[in-house]
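Counting in the numbering used here, the sequence shown runs from 35 upward without gaps.
A virtual CB, placed ideally from N, CA and C, is assigned to each residue, including glycine.
Model, not experiment: these values are computed from the prediction.
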Amino acid sequence: VGVYYVIRYFEGLQRKEQEKSELNLKNREMQISLLKSQINPHFLFNTLNSINTLIGSSKEQARKVITQLSDIFRYALDSHSDQMVKLIHELDFIDNYIRIQQVRFGDRMKFVKQVDFTCLGVLIPPMILQPLVENSVKYGIAPKDEGGTIILTVKRFKGMIFFEVKDDGLGSNAKKVMDGSSSGVGLTNTDQRLKSIFGPGSGLRIRSTEWGYSVSFFIPFENESQEQVTVDELKSEAV
């Protein structure tokens, strides 16, 4: 009888572990699905319209935009929520996104990067900055007649890495903020992803005033050896 109950006990443990593994798998699949849905359909629609316009005026510029759009989708399709990417690759993705937006907005939208060079090798979740930038474009700069500037800051701060996206757009005067994606993912998903990976202290910090809007977060930085990247490595990866 004792052996029987021991066997049943371990069978119960195995079932619980199997159920836990299945739930983790489903959760990971859901996160990947949400991650890949972050590319706003309106962004794609506007980009295709821009390409259509450029074909008549500048075929070379149209080819550049098509290449940038291809790079964006390749990055999105290759991204997985359980894998980390180096900041330098995330910045390349953001640069492509901004260049395409600037085709649409022209001189109305400026983009400034203030990135500590020593942070370029830091590992972060893929596409974690895109919803923040998109939120600034969509609700800060786009509806403002004179446009504005988006500033991306990455720097070290007391053993942490600080990230911030801010703009001088409509701020609290905007009709809608805290979205970033018509798919319903946006900043809410970004906040959840940061907390699940780095803990509750890494959630988004949002500040909105009549002079603009900013979203920031911290991630812990513990192992310096994992972050160190040589100049030659960064150049080769950038290529």
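Just reading off the beta strand (DSSP E) that Ser-242 is part of, what are its end residues?
As a working note, residue 242 is residue 208 in the sequence shown. Segment 239-243, the beta strand (DSSP E) holding Ser-242.
How would you call Glu-168, buried or exposed, if buried means at least 16 neighbouring beta carbons within 10 angstroms?
The count along the sequence shown starts at 1 and reaches residue 168 at position 134. Glu-168 should be labelled buried.
Unbroken beta strand (DSSP E) run spanning Gln-135, endpoints
Taking the sequence shown and counting its residues from 1, one reaches residue 135 at position 101. No beta strand (DSSP E) contains Gln-135, which is instead part of the alpha helix (DSSP H) from 121-139.
So the candidates are Ser-113, Ile-134, Ile-184, Arg-142; which of them puts its Cα closest to the Cα of Asn-83?
Locating residue 83 in the sequence shown gives position 49, where the first residue counts as 1. For Asn-83, the nearest C-alpha among the options comes from Ile-134.
Alpha-carbon spacing of Phe-252 relative to Gly-220, whole angstroms:
Taking the sequence shown and counting its residues from 1, one reaches residue 252 at position 218. Taking the sequence shown and counting its residues from 1, one reaches residue 220 at position 186. Using only the alpha carbons, I get a separation of about 18 Å.
Please name the residue or residues paired with Gly-182 in a DSSP beta bridge.
If you number the sequence shown from 1, residue 182 lands on position 148. Here Gly-182 is bridged, per DSSP, to Met-143.
Distance check for Val-99 and Ile-184, CA to CA, integer angstroms please.
Against the sequence shown, residue 184 aligns to sequence position 150. Against the sequence shown, residue 99 aligns to sequence position 65. Each residue's alpha carbon lies about 20 Å from the other.
Short of 8 Å in beta carbon distance, which residues of its chain neighbour Gly-237, apart from the five on each side in sequence? Order them along the chain.
Translated into the one-based positions of the sequence shown, residue 237 becomes position 203. So the list reads Asp-225, Leu-228, Lys-229, Phe-251, once near-sequence residues are dropped.
How long is the line joining the alpha carbons of Tyr-247 and Gly-174, rounded to whole angstroms?
For the purposes of this step, residue 247 is taken as residue 213 along the sequence shown, with counting starting at 1. For the purposes of this step, residue 174 is taken as residue 140 along the sequence shown, with counting starting at 1. Straight-line Cα distance between these residues: approximately 7 Å.
Relative to the alpha-carbon of Gln-102, which residue among Ala-176, Trp-245, Gln-136, Val-199 has its alpha-carbon at the smallest distance?
The sequence position of residue 102 within the sequence shown is 68, counting from 1. The candidate whose alpha carbon is nearest that of Gln-102 is Gln-136.
Ile-162 - DSSP class collapsed to helix/strand/coil:
Position 128 of the sequence shown, counted from the first residue, corresponds to residue 162. In the structure shown, Ile-162 sits in coil (DSSP, three-state: anything other than H, G, I, E or B).
If you count every other CB in all the chains shown that lies within 10 Å of the CB of Pro-234, and 16 or more means buried, which is it?
As a working mapping, residue 234 is identified with position 200 in the sequence shown. It is exposed - the Cβ of Pro-234 has fewer than 16 other Cβ atoms within 10 Å.
Per DSSP, the bridge partner or partners of Tyr-247:
Start at 1 with the first residue of the sequence shown, and residue 247 comes out as number 213. Partner residues in the beta bridge of Tyr-247, as assigned by DSSP, are Asp-201, Ser-242.
When the Cα atoms are used, what is the spatial distance from Trp-245 to Gly-203?
Taking the sequence shown and counting its residues from 1, the one referred to as residue 245 is at position 211. Taking the sequence shown and counting its residues from 1, the one referred to as residue 203 is at position 169. Between Trp-245 and Gly-203, the C-alpha separation is close to 7 Å.
Cutting at 6 Å between CB atoms, please list the residues of its own chain near Phe-127, excluding the five before and the five after it.
Within the sequence shown, residue 127 is the residue found at index 93, counting from 1. Listed in chain order, the non-local C-beta contacts of Phe-127 below 6 Å within the same chain comprise Tyr-109, local neighbours out to five positions each way being set aside.
For Gln-260 and Val-156, what's the separation of their Cα atoms in angstroms?
Here residue 260 corresponds to residue number 226 of the sequence shown, with the count starting at 1. Here residue 156 corresponds to residue number 122 of the sequence shown, with the count starting at 1. In this predicted model, Gln-260 has a pLDDT of only 44, less than 50, meaning its place in the structure is not dependable; the value taken from the coordinates is given anyway. Whole-angstrom Cα-Cα distance: 8 Å.
Host alpha helix (DSSP H) of Ala-282 (start-end):
The chain is shown from 35 up to 273; residue 282 falls before or after that span and cannot be answered.
So what does DSSP say about Gln-48, is it helix, strand or coil?
The residue you call residue 48 lines up with position 14 of the sequence shown. Here DSSP, grouped into helix, strand and coil, assigns Gln-48 to helix.
Can you give the beta carbon distance from Glu-124 to Leu-163, rounded, assuming they're within the 8 Å contact cut?
Position 90 of the sequence shown holds residue 124. Position 129 of the sequence shown holds residue 163. Rounded to the nearest angstrom, the Cβ distance from Glu-124 to Leu-163 is 6 Å, consistent with a contact under 8 Å.
Close Cβ partners of Asn-80 (< 8 Å) along its chain, the five nearest in sequence each way excluded:
Here residue 80 is taken as the residue at index 46 of the sequence shown, counted from 1. Closer than 8 Å at Cβ, skipping near neighbours: Arg-138.
Please tell me whether Ile-89 and Ala-96 are closer than 8 Å, where the distance is taken between their beta carbons.
For the purposes of this step, residue 89 is taken as residue 55 along the sequence shown, with counting starting at 1. For the purposes of this step, residue 96 is taken as residue 62 along the sequence shown, with counting starting at 1. It is a contact, given that the beta carbons lie within the stated cut-off.
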